[in-house]
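Trainee: I'd like to ask some things about the structure below.
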Amino acid sequence: MRHVGNCLCGAVEVEVVGAPEAMGYCHCRSCRSWSGGPVNAFSLWKPNAVRITAGSEHVATFSKTPTSHRQYCKKCGGHLMTGHPSLGLIDVFAATVPTLSFVPAVHVNYAETVLPMRDELPKFRDFPAEFGGSGAIVAE
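The following block contains the structure:
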């Protein structure tokens, strides 16, 4: 599978190929603030599955922490993806690739939620243990 998405103005084009490693929702304050919403829908990809196919000269990066390198379009401010070097994965925001069939499997950082979601998916207090978190599950 190949999916192509763009920033808000269309100057930057992003392509993902294959299937994501994981999809879900992040409830942390940083993702909420960055996305401008109460929750962020993510799709995690191996770096070799993601590439900017047009407009790379318009891409800027903001790194609040060493674990998240957020990329956006300098022309329109449209958010594209977040590199997570410590995980070896890239979060291409689900809204960036509209043809991707978004099938969430997990909630992360649910202890910080401002929008409780009752969907019977696992809700991690922070992150699964294999991603450096506590692995603790919280109730809906």
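Taking numbering that gives the first Met the number 0, the leading residue of the sequence shown gets 0, the next gets one more, and so forth. All C-beta atoms, glycine included, are put in the ideal place defined by N, C-alpha and C. In this text the structure is predicted, and so the values were computed from the model without any measurement.
1. Which residues share a DSSP beta bridge with A95?
2. Please name the residue in R124, E129, N39 and G132 whose C-alpha comes closest to that of G159.
3. If contacts are defined as beta-carbon pairs under 8 Å, then L86 and F130 qualify, I think. What distance do you get, rounded to the angstrom?
4. Would you check if there are 3 or more beta carbon pairs closer than 8 Å linking the region 44-54 to the region 5-14?
5. Closer than 8 Å is the cut-off here; do at least three beta carbon pairs connect the region 89-106 with the region 114-125?
6. Measure the C-alpha to C-alpha separation of Q70 and M80 and round it to an integer number of angstroms.
7. Go ahead and label V19 buried or exposed: buried means 16 or more other beta carbons lie within 10 angstroms of its beta carbon, across all protein chains shown.
8. Whole angstroms are fine: how far does the CA of G17 sit from the CA of G82?
9. Looking at the structure shown, is A53 part of a helix, part of a strand, or coil, going by DSSP?
10. Compare the Cα-Cα distances from K74 to each of A59, H68, T98 and S67 and report the closest residue.
11. Considering only the beta carbon of each residue, do I89 and W33 sit closer than 7 Å?
Mentor: A quick look at the data gives this:
1. Looking at the sequence provided, one finds Thr at residue 95 rather than Ala. DSSP lists no partner for T95.
2. What is shown of the chain runs 0 to 139, which leaves residue 159 out entirely.
3. 6 Å
4. Flag = yes, the region 44-54 and the region 5-14 touch.
5. yes
6. 5 Å
7. Here residue 19 turns out to be Pro, not Val, going by the sequence shown. Label assigned to P19: buried.
8. Each residue's alpha carbon lies about 18 Å from the other.
9. DSSP places A53 in strand when its eight states are reduced to three.
10. A59
11. no
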